[in-house]
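Comments concern the structure below.
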Amino acid sequence: MGEFKINKSFAEINKKIRDGSVVVLTAAEMIEATKELGPVEAARKVDVVTTGTFGIMCSSGAILNFGHAKPRIKANKVYLNGVEAYAGLAAVDCYVGAAQTSEDDPLNKVFPGRFRYGGGHVIEDLVSGKTIKLEAFAYGTDCYPNRQHESEMSLKDFPDAWLLNPRNGYQNYNCAINLSNKTIYTYMGILRPDGANANYSTSGQLSPLLNDPYYKTIGIGTRIFLGGGIGYVIGNGTQHDPNVKRSENGVVMGGAGTLSVKGDLKLMSPKFLRGASLTGYGCSLKVGIGVPIPVLNEEIATFTAISDEDIFAPIVDYGYDYPEGEGKPLGYVTYAQMKTGEMTFDGKKVTTAPLASYSIALEIATTLKEWIKSGSFTLGEPQEILPSIPFGGFTNF
Amino acid sequence: MASKNVLLIFKSNIMYKPVIYRLARDFDLVFNILEAKILPRREGRILLELRGSEDVIEKGIRFLEDNRVLVELLADKVWREEEKCVHCGACTGLCPTRALSIERPEMKVSFDVEKCVACGMCGLVCPFGAMKDVTLFDPFAEGRHT
Ligand code: SF4
Ligand code: SF4
Chain E
25 MGEFKINKSF AEINKKIRDG SVVVLTAAEM IEATKELGPV EAARKVDVVT
75 TGTFGIMCSS GAILNFGHAK PRIKANKVYL NGVEAYAGLA AVDCYVGAAQ
125 TSEDDPLNKV FPGRFRYGGG HVIEDLVSGK TIKLEAFAYG TDCYPNRQHE
175 SEMSLKDFPD AWLLNPRNGY QNYNCAINLS NKTIYTYMGI LRPDGANANY
225 STSGQLSPLL NDPYYKTIGI GTRIFLGGGI GYVIGNGTQH DPNVKRSENG
275 VVMGGAGTLS VKGDLKLMSP KFLRGASLTG YGCSLKVGIG VPIPVLNEEI
325 ATFTAISDED IFAPIVDYGY DYPEGEGKPL GYVTYAQMKT GEMTFDGKKV
375 TTAPLASYSI ALEIATTLKE WIKSGSFTLG EPQEILPSIP FGGFTNF
Chain S
107 MASKNVLLIF KSNIMYKPVI YRLARDFDLV FNILEAKILP RREGRILLEL
157 RGSEDVIEKG IRFLEDNRVL VELLADKVWR EEEKCVHCGA CTGLCPTRAL
207 SIERPEMKVS FDVEKCVACG MCGLVCPFGA MKDVTLFDPF AEGRHT
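Chains as they are written, first to last, in the working numbering: chain E, 25 to 421; chain S, 107 to 252.
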């Protein structure tokens, strides 16, 4: 990789973190710094860029080991505050998924359903220190004779509790619009008919994978901010797809990359893990994630300097196309445009609203920056980076 | 000039009296009907924006109360639970009056109750239950949320 003027390693940056000389900027600050210094000088001066996102991520959940009861039970059905957790694991392990609804939820029978309590809320209650009711049922065996077990438990009573999310942090996402003639209730929020409003998610220029579009520094073992605590990237998320259309700057123009992450629930906070109720759609969890990106060379400096003006989201119709499995882009719009609260589509003004919290995403990036500067958080060098495709390189250094 | 959004509840015994007409005639108030619902012979509800000087608004409200109209300040009925709001902005695309709006560049969401018309949309949209569910125009709603 001798082609770069600046070449830093993870080890060198970690040494600077330990001796307190590291220079860290948030992805928002890096935009200005690179404009001012140029990519080479920016790469020389800045060691780490921190990113952040706080969005609703349905493919999330928690592995809970609830400890052995007396007499022992090998649970095959588990409920937490009336929400089923998957128990097809060893005796007292279970997995509560964020999107699991309460057993007695009327769902969409009276449309649109409200989905007031589900797996995401169980996780939020646990990290808030609340007591939850655990009910376990079993068929009974010689070694695990107990058939029913009930207990009031708070997070500290679980021997192990991990957040374990198969797909988080979508690199980019759709701008959802509804071209049908009725109001629809989706995971992208409530969309009025005839394209009256449009919603977008991701934190744009702060978003983790948009700042490292070819995943050159992110992979299994990357240490991250997760739900207010420390977690790890454990590989690509489900549906990870590096082959999505990219603009000239290498940035994906649609879904693309995803992360699979894990972290100790006991270190997390309800400020960055919130149960969500999506009217007409279901339950979910809002997850705070921050990924540090080491500025190894001027190419990565350029990537991390991406701003909302240069990131495009595909406009997708959720009225007909998406439910039919189509979802072809009807056009593209920049995050800068969507963030103004208005865009033009088909010659008409459309109100745009975000679903991810930009201000909290910024708080996450800033918190991660402070952790790194204080020396308490070093970078985890990935053992293997996420599946990617080759990048031709920038020509204008 | 001050402005206040008030909810007027007319019970059946006073429903067909010309109270609003007298409010318009006798007080120096500009008013704007934001929403109204009449259930014949049972109850009428009007959401009114009152504009005028503070003390004329006060006098107007007293006049209504003297005429046995129940007057509630909208600000006492609709609010945001601050600790539940994560400033995502999801509600801002559907709030018809921009009572909920994004402050740029911080991208924080502010709530101005004086612009609110109690349509209830935000209660449906907010994934975190931060906006009190507004059902001011459903006469059976009162007391249902315990
Ligand atoms: S939708 Fe709810 S949480 Fe999001 S900004 Fe509006 S009130 Fe706050
Ligand atoms: S009830 Fe909510 S959506 Fe409707 S006007 Fe008031 S703040 Fe806006």
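From the three backbone atoms N, C-alpha and C, an ideal C-beta is built for every residue, glycine too.
Residue i: CB within 7 Å of a non-hydrogen atom of ligand 2
| i | result |
| --- | --- |
| Thr241/S | no |
| Gly226/S | yes |
| Val88/S | No statement about residue 88/S is possible, as the shown extent of chain S runs from 107 to 252 and does not include it. |
| Leu170/S | no |
| Thr226/E | no |
| Ala86/E | no |
| Thr275/S | A query on residue 275/S cannot be resolved here, the shown segment of chain S reaching from 107 to 252 and no further. |
| Val112/S | no |
| Leu215/E | no |
| Leu154/S | no |
Endpoints, beta strand (DSSP E) assigned at residue i
| i | result |
| --- | --- |
| Gln172/E | 172-177 |
| Thr326/E | It is not in any beta strand (DSSP E) - Thr326/E instead sits in the alpha helix (DSSP H) that spans 322-328. |
| Arg151/S | 149-158 |
| Leu230/S | Looking at the DSSP string, Leu230/S is not in any beta strand (DSSP E); the run it does join, the alpha helix (DSSP H), is 227-231. |
| Phe217/S | 214-217 |
| Pro338/E | 336-341 |
| Asp117/E | 117-121 |
| Gly143/E | Taken as a continuous stretch (DSSP letters only), Gly143/E belongs to no beta strand (DSSP E), being part of the alpha helix (DSSP H) at 143-151. |
| Asn189/E | 184-192 |
| Thr368/E | 366-369 |
| Asp182/S | Counting along the chain, Asp182/S falls outside any beta strand (DSSP E), and DSSP gives it neither H nor E. |
| Asp288/E | 283-288 |
| Ile115/S | 108-117 |
| Gln400/E | Checking the sequence shown, residue 400/E turns out to be Ser, not Gln. No beta strand (DSSP E) contains Ser400/E, which DSSP labels as neither H nor E. |
| Ile423/E | Because chain E spans 25 through 421 in this model, residue 423/E falls outside it and cannot be assessed. |
| Cys307/E | 306-314 |
heavy atom of ligand 1 below 7 Å from residue i C-beta
| i | result |
| --- | --- |
| Val315/E | no |
| Arg138/E | no |
| Ala236/S | yes |
| Ala310/S | Given that chain S is displayed from residue 107 to residue 252, the structure contains no residue 310/S and the question cannot be resolved. |
| Val184/S | no |
| Cys307/E | no |
| Leu386/E | no |
| Val319/E | no |
| Leu206/S | yes |
| Val219/S | no |
| His193/S | yes |
Start and end residues, alpha helix (DSSP H) containing residue i
| i | result |
| --- | --- |
| Asp132/S | 125-132 |
| Trp395/E | 382-397 |
| Thr198/S | Thr198/S -> no alpha helix (DSSP H), and no H or E assigned at all. |
| Phe34/E | 34-43 |
| Pro63/E | 51-69 |
| Lys363/E | 359-363 |
Nearest to residue i (by Cα), restricted to the options the options
| i | options | result |
| --- | --- | --- |
| Ile115/S | Arg131/S, Leu145/S, Ser109/S, Asp134/S | Leu145/S |
| Lys290/E | Asp43/E, Thr77/E, Ser152/E | Ser152/E |
| Arg247/E | Ile55/E, Lys32/E, Lys29/E, Asn38/E | Asn38/E |
| Lys295/E | Gly164/E, Gly219/E, Gly306/E, Lys310/E | Lys310/E |
| Val73/E | Ile413/E, Leu392/E, Arg140/E | Leu392/E |
| Ala86/E | Ile388/E, Ile339/E, Arg191/E, Gly417/E | Arg191/E |
| Cys307/E | Met212/E, Asp236/E, Ala385/E, Asn321/E | Met212/E |
| Phe34/E | Leu320/E, Glu333/E, Pro353/E | Leu320/E |
| Phe169/S | Phe234/S, Leu242/S, Ala130/S, Trp185/S | Ala130/S |
| Gly106/E | Ile156/E, Gly287/E, Ile388/E, Pro63/E | Ile156/E |
| Ile152/S | Val219/S, Gly226/S, Ala142/S, Ile163/S | Ala142/S |
| Tyr209/E | Pro347/E, Cys167/E, Ser231/E | Pro347/E |
| Glu171/S | Val231/S, Val112/S, Gly235/S | Val112/S |
| Gly79/E | Pro237/E, Asn223/E, Phe336/E | Asn223/E |
| Gly274/E | Tyr238/E, Ala52/E, Ser301/E | Tyr238/E |
| Gly287/E | Asn31/E, Leu250/E, Asp345/E, Arg270/E | Leu250/E |
| Asp181/E | Val285/E, Leu158/E, Ala200/E | Leu158/E |
| Ser126/E | Gly137/E, Gln263/E, Ile409/E | Gly137/E |
Against chain S, which members of the segment 206-225 of chain E pass a CB distance test of less than 8 Å?
Along the segment 206-225 of chain E, going in chain order, the ones with a CB nearer than 8 Å to a CB of chain S are Gly213, Ile214, Arg216, Asn221, Ala222, Asn223.
What are the residues in the segment 197-209 of chain S lying within 7 Å of chain E by C-beta distance?
From the segment 197-209 of chain S, only Thr198, Gly199, Leu200, Ile208 have a Cβ closer than 7 Å to chain E.
Taking only beta carbons into account, state which residues of the segment 340-371 of chain E come closer than 7 Å to chain S, listed in chain order.
So the list reads Gly365, given in the order they occur along the chain.
The segment 170-196 of chain S: positions lying closer than 9 Å to chain E by Cβ:
From the segment 170-196 of chain S, only Lys190, Val192, His193, Cys194, Gly195, Ala196 have a Cβ closer than 9 Å to chain E.
When you check each C-beta in the segment 118-152 of chain S against every C-beta of chain E, which residues fall closer than 9 Å?
Answer in chain order: no residues at all.
Relative to chain S, which residues along the segment 293-316 of chain E have a C-beta separation below 7 Å, given in chain order?
Contact annotation: in the segment 293-316 of chain E, residues whose CB is within less than 7 Å of a CB in chain S are Arg298, Ala300, Ser301, Leu302, Thr303, Lys310.
Please list, in chain order, the residues of the segment 233-267 of chain E that have any C-beta partner in chain S closer than 9 Å.
If the cut-off is 9 Å between Cβ atoms, the segment 233-267 of chain E has nothing near chain S.
Where the segment 84-101 of chain E meets chain S: residues whose CB sits under 7 Å from a CB there
Of all residues in the segment 84-101 of chain E, none is placed with a Cβ closer than 7 Å to any Cβ belonging to chain S.
Near-chain E residues of the segment 208-234 of chain S (beta-carbon distance less than 7 Å), N- to C-terminal order:
Answer set for the segment 208-234 of chain S: Ile208, Glu212, Met213, Lys214, Leu230, Val231, Pro233, Phe234.
Contact set between the segment 165-194 of chain E and chain S, restricted to residues whose Cβ is under 9 Å from the partner
Answer set for the segment 165-194 of chain E: empty.
The segment 382-413 of chain E: positions lying closer than 7 Å to chain S by Cβ
Correct list: Tyr382, Ser383, Ile384.
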